[in-house]
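Q:
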Amino acid sequence: GANGPSLGSMAVIRFARFARLTRLIRLLRLFRLRIFKELTWIAKGVVAGMRMLAWAIVMLVFIVYVGAIFMRHTVGSDRIHIGDVYGTVMFSNLVWSMFMIFRILMQD
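Residue numbers for the sequence shown follow the working numbering, beginning at 211 and rising by one.
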């Protein structure tokens with residue numbers, strides 16, 4: 211209809227999703243075979259690496275946050291202007307301070 215998809219088309223969409231899900235389940239069963247043992251090891255290694263990467267990102271954000279607070283309270287209180295066309299003040303608020311500290315850490 212003019213107001214949105216009809217009930218018939220919704221049923222077709224649900225059936226397509228169900229068919230896709232059953233294909234995925236069949237594929238997962240296939241991975242239990244012995245010949246895919248190395249592939250499962252690789253997949254588990256990727257998942258473990260992602261977990262490690264997530265903790266590294268958390269540590270980086272924490273270091274940036276602490277550095278931004280420190281710079282905000284020391285340099286930000288002096289209201290130092292960069293001298294660009296926008297009139298940017300160094301370490302004027304916490305978000306910009308975090309951005310500047312991140313850029314310094316990434317040597318941008």
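Heads up, the beta-carbon is just placed ideally off N, CA and C, and yes, glycines get one too.
Treat the numbers as computed from the prediction; the structure is a model and nothing was measured.
1. In terms of alpha-carbon separation, which member of 275, 276 and 307 lies closest to residue 290?
2. Indicate the three-state DSSP secondary structure (helix, strand or coil) for residue 257 in the structure shown.
3. So does the region 295–302 actually touch the region 260–274, counting three or more Cβ pairs closer than 8 Å?
4. Can you name, in chain order, every residue of its own chain whose Cβ lies under 6 Å from the Cβ of residue 311, other than the five neighbours on each side?
5. Tell me the rounded alpha-carbon separation between residue 314 and residue 259.
A: With the given structure in hand:
1. Nearest Cα to residue 290 within the set 275, 276 and 307: 307.
2. Residue state for residue 257 is assigned as helix, using DSSP reduced to three classes.
3. no
4. 274, 277 and 278
5. 26 Å
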